[in-house]
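Residue 733 in the numbering used here sits at position 236 of the sequence shown, and the numbers go up by one each step.
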Amino acid sequence: MTLSELIETLNNAADASLYSNASEEERMELIAACAKLQGVVETPTQLTWRVVLAPHLAVALRLGIDMKLFDVITSDKREVTVDQLASRVDADPLLVRRIIRILCGMSLFKEISQDTFERTPAADAYVTGSPLVEVVIMMTSDLETLSKAPSYFEENGFTSPRDAYNGPFQYALGTKLTYFDWLPSKPRLQQAVSAVMAFARSNRGEDWLDFFPVSSKLRVDSPSDPLIVDIGGGLGQVLRAFKHKYPDLPGKLILQDLPVVIDSVQDLPAGIEAMPHDFFAQQPIRGARAYYLRAILHDWPDKQAHKILGSIKEAMSEGSILLIDEIPLPESNVSLFSAQMDFMMMLAFSSLERTRTQFKTLLDDAGFDLVRIWTSSSVHPLSSSLLEAVLKKP
Numbered sequence: 498m499t500l501s502e503l504i505e506t507l508n509n510a511a512d513a514s515l516y517s518n519a520s521e522e523e524r525m526e527l528i529a530a531c532a533k534l535q536g537v538v539e540t541p542t543q544l545t546w547r548v549v550l551a552p553h554l555a556v557a558l559r560l561g562i563d564m565k566l567f568d569v570i571t572s573d574k575r576e577v578t579v580d581q582l583a584s585r586v587d588a589d590p591l592l593v594r595r596i597i598r599i600l601c602g603m604s605l606f607k608e609i610s611q612d613t614f615e616r617t618p619a620a621d622a623y624v625t626g627s628p629l630v631e632v633v634i635m636m637t638s639d640l641e642t643l644s645k646a647p648s649y650f651e652e653n654g655f656t657s658p659r660d661a662y663n664g665p666f667q668y669a670l671g672t673k674l675t676y677f678d679w680l681p682s683k684p685r686l687q688q689a690v691s692a693v694m695a696f697a698r699s700n701r702g703e704d705w706l707d708f709f710p711v712s713s714k715l716r717v718d719s720p721s722d723p724l725i726v727d728i729g730g731g732l733g734q735v736l737r738a739f740k741h742k743y744p745d746l747p748g749k750l751i752l753q754d755l756p757v758v759i760d761s762v763q764d765l766p767a768g769i770e771a772m773p774h775d776f777f778a779q780q781p782i783r784g785a786r787a788y789y790l791r792a793i794l795h796d797w798p799d800k801q802a803h804k805i806l807g808s809i810k811e812a813m814s815e816g817s818i819l820l821i822d823e824i825p826l827p828e829s830n831v832s833l834f835s836a837q838m839d840f841m842m843m844l845a846f847s848s849l850e851r852t853r854t855q856f857k858t859l860l861d862d863a864g865f866d867l868v869r870i871w872t873s874s875s876v877h878p879l880s881s882s883l884l885e886a887v888l889k890k891p
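Next up, the structure:
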């Protein structure tokens with residue numbers, strides 16, 4: 498095949514209708530193939546410019562959201578001019594033009610004639626109320642930390658941060674607070690973070706309730722015995738799903754989170770108890786069958802993760818198990834997306850996305866034996882695994 502024939506083939510393949518029924522696995526394989534081709538064709542100069550200019554795309558997308566450009570152009574369902582857009586959103590036409598040029602380059606809008614644009618289907622994902630809007634708000638708020646990361650690492654001898662109270666985030670913002678302690682001072686951002694967490698929970702492929710042997714592993718003798726303690730469980734999404742799927746399993750389901758979160762919990766099904774609790778403090782529920790952590794440990798470096806695990810360990814009985822719901826990194830050939838997530842955790846929280854070996858080491862140091870890592874059979878970029886651990890025998 499000649500280069501001209503390959504180019505024609507690729508252009509013909511850029512037909513969205515071909516992929517309307519593609520599975521998640523097929524989509525991932527296609528994206529990987531496109532990235533592989535780009536990596537072969539792209540020159541170092543082109544790669545450099547694409548990478549260093551990437552934050553501009555994120556900021557332009559954030560401005561388009563903040564200025565309600567997506568709301569206006571998707572509500573019209575027709576072509577719209579720069580002047581019309583500027584008038585509708587009460588903004589400078591020159592600024593609108595400069596932003597929408599980038600959004601066209603991102604295939605969110607299409608210029609059909611000079612200064613006249615129409616939406617693409619992808620633009621609908623960024624109207625007010627969309628979960629992806631909250632993702633953009635959350636992630637662009639980290640750009641200040643990102644921009645100061647080179648200075649932080651130079652001043653700290655190019656070592657990975659290991660303390661949630663002393664890392665790139667504190668350096669960039671001039672604070673001694675952790676990200677989570679600082680967050681309540683930014684209500685709009687806190688709203689975005691909460692929405693993203695809920696969105697992420699609902700977009701992680703097959704849930705552990707579908708591949709973990711719940712009926713045989715999670716048993717207690719009496720309905721009054723604590724069955725599951727969901728530590729840092731937010732609004733109770735996991736326990737709600739558990740109760741729906743296993744309504745007849747005996748035992749108490751206990752949802753724990755900080756008071757500000759628990760105060761906002763509404764309409765819990767019967768059998769689920771909400772309890773204010775800081776997971777760095779002593780665990781008040783003793784001898785539960787299972788203590789469950791979903792996407793908690795990846796927010797904390799080992800120093801703080803040991804404290805979280807230590808409080809759980811002290812409450813566990815010989816028959817208790819620890820369930821950790823995370824997305825372990827592979828030991829090698831980590832995808833770019835997963836590597837970026839790990840980098841983000843380092844900058845914002847001084848934490849990390851751990852490999853299976855790192856989880857095993859963390860648990861071993863904290864006094865636990867890793868029994869098994871249960872995994873989903875589905876292919877999804879955010880597919881989680883369930884690590885089952887028990888207390889080390891004396």
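Every residue, glycine too, gets a C-beta built ideally from N, C-alpha and C.
Simplified DSSP assignment, three categories, for residue i
| i | result |
| --- | --- |
| residue 860 | helix |
| residue 568 | helix |
| residue 797 | coil |
| residue 743 | coil |
| residue 600 | helix |
| residue 624 | coil |
| residue 922 | Nothing about residue 922 can be read from this structure; the chain reaches only from 498 to 891. |
| residue 610 | strand |
| residue 885 | strand |
| residue 867 | strand |
| residue 578 | strand |
| residue 539 | coil |
| residue 716 | coil |
| residue 851 | coil |
| residue 631 | helix |
| residue 617 | coil |
| residue 499 | coil |
Sequence-distant residues of its chain with Cβ nearer than 8 angstroms to residue i (five each side left out)
| i | result |
| --- | --- |
| residue 645 | 665, 668, 669 |
| residue 663 | 847 |
| residue 842 | 795, 796, 848, 849, 850 |
| residue 659 | 798, 799, 800, 847 |
| residue 498 | 506 |
Rounded distance between the beta-carbons of residue j and residue i, thought under 8 angstroms
| i | j | result |
| --- | --- | --- |
| residue 822 | residue 883 | 6 angstroms |
| residue 852 | residue 825 | 6 angstroms |
| residue 730 | residue 783 | In fact, because the Cβ distance is near 18 angstroms, the residues do not count as touching under 8 angstroms. |
| residue 738 | residue 686 | Not quite, the Cβ-Cβ distance comes to about 27 angstroms (not below 8 angstroms), so this is no contact. |
| residue 874 | residue 708 | 7 angstroms |
| residue 785 | residue 734 | 19 angstroms between Cβ atoms; not a contact. |
| residue 727 | residue 753 | 7 angstroms |
| residue 561 | residue 600 | 6 angstroms |
Residue i classed as buried or exposed, judged by whether at least 16 other C-beta atoms fall within 10 angstroms
| i | result |
| --- | --- |
| residue 545 | exposed |
| residue 829 | exposed |
| residue 893 | Coverage of the chain is limited to positions 498 through 891, which leaves residue 893 absent and any answer about it impossible. |
| residue 817 | buried |
| residue 757 | exposed |
| residue 448 | As shown, the chain starts at 498 and ends at 891. That puts residue 448 outside it, with no answer to give. |
| residue 814 | exposed |
| residue 808 | buried |
| residue 611 | exposed |
| residue 868 | exposed |
| residue 833 | exposed |
| residue 777 | exposed |
| residue 780 | buried |
| residue 742 | exposed |
| residue 704 | buried |
| residue 606 | buried |
| residue 528 | exposed |
| residue 559 | buried |
| residue 810 | buried |
Same chain, Cβ closer than 6 angstroms to residue i, five either side skipped, listed in chain order
| i | result |
| --- | --- |
| residue 866 | 887, 889 |
| residue 631 | 689, 692, 693 |
| residue 793 | 729 |
| residue 571 | 616, 620, 621, 624 |
| residue 534 | none |
| residue 635 | 689, 690, 693 |
| residue 766 | 740 |
Other residues of its chain near residue i: CB distance less than 7 angstroms, five sequence neighbours each side excluded
| i | result |
| --- | --- |
| residue 576 | 609, 613, 614, 615 |
| residue 672 | 679 |
| residue 775 | 755 |
| residue 628 | 692, 696 |
Any non-hydrogen atom of the ligand FAD within 8 angstroms of residue i CB
| i | result |
| --- | --- |
| residue 550 | The model depicted lacks the ligand FAD and carries no ligand whatsoever. |
Any chain D beta carbon closer than 9 angstroms to residue i
| i | result |
| --- | --- |
| residue 696 | Absent from the structure: chain D. Only one protein chain is present. |
**Prompt:** If you scan the stretch 667-697 from start to end, which runs of the alpha helix (DSSP H) of 4 or more residues do you find wholly inside it?
**Reply:** 676-679
**Message:** At 3 residues or longer, what runs of the beta strand (DSSP E) sit wholly inside the stretch 643-668?
**Reply:** none
**Asked** What residue ranges within the stretch 748-834 form continuous beta strand (DSSP E) runs of no fewer than 3 residues, ordered along the chain?
**Response** 749-754, 769-773, 787-791, 818-823
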